[in-house]
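These notes are about the structure you will find just below.
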Amino acid sequence: MQSLRYASILLLIVGCTKKPPTEAPREIKLYQNWELQPGQVVGGHAVVSGLGDLSIALKGDAVYAPFDGRVQPHNSSCVIFSSEEIPVYLLRLCGLRSLNFGFLSAGDTIGSGKELQIAVLTRQPDGRWALVEPSKKIIEQMLLR
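Next up, the structure:
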């Protein structure tokens, strides 16, 4: 009986553990180049957002995929969400935990956290990405299932 109990606990722990991303972080060349970027460290403290990022108090709530798309690692505190439905845009999402990497359907959970820092990037003709104002409609889709 004791071994069955330990096996059940082990199965629960292994089954609930999130798998780390299996791909390398996605590099993005920004059109605007600021010295400090989310994911960097300054004075021993993590930079969690930057110019062009919008911060939202999640209070532990989930963030959902606004479209069918892909979640890729970006740096130590951020991920990139991309979608064929909006191919010239990327969403940089920082501050989330319990992340789901890979391909997601619209409405699937990307992750959750205390705060979300979101930046919307649009592809420029030279291949770099420029920060643009986030769409209220898309942010609402990400916060309400």
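Here the sequence shown is numbered in our numbering, starting from 517 and rising by one per residue.
The beta-carbon is built from N, C-alpha and C at its ideal position, and this holds for glycine as well.
These numbers come from a predicted model, not from an experiment.
From the listed residues ARG586, LEU567, GLY576, ILE634, the smallest Cα separation to THR538 is found for ARG586. If you keep only unbroken alpha helix (DSSP H) runs of at least 4 residues inside the region 610–647, you get nothing at all. Non-local C-beta neighbours of VAL604 in its own chain, meaning closer than 8 Å and more than five positions away in sequence, comprise THR638, ARG639, ordered along the chain.
Judged by their CB atoms, VAL557 and CYS610 are not nearer to each other than the 8 Å cut-off. In this structure, PRO541 places its C-beta atom within 8 Å of the C-beta atom of PRO589.
Distances from the CA of ALA578 to each of GLU600, LEU606, LEU607, LEU615 were compared; the closest alpha carbon is that of LEU615. Taking 8 Å as the cut-off, the Cβ atoms of LEU632 and ILE544 do not count as close. Taking 8 Å as the upper bound for CB-CB distance, PHE583 and ILE596 are not in contact here, some 14 Å apart. Between LEU574 and SER628, the CB-CB gap stays under 8 Å. Annotated three-state conformation of GLN548 is coil, per DSSP. Here the C-alpha atom of ILE654 lies approximately 26 Å from the C-alpha atom of LEU552. Restricting attention to GLY643, ILE634, LEU659, the CA atom closest to the CA of LEU567 is found in ILE634. Distance between HIS561 and ARG613, taken at the CA atoms: about 18 Å. Relative to SER621, the option among ASP569, ALA581, TRP550 whose CA is nearest is ALA581. SER599 and GLY559 have their C-alpha atoms spaced approximately 36 Å apart.
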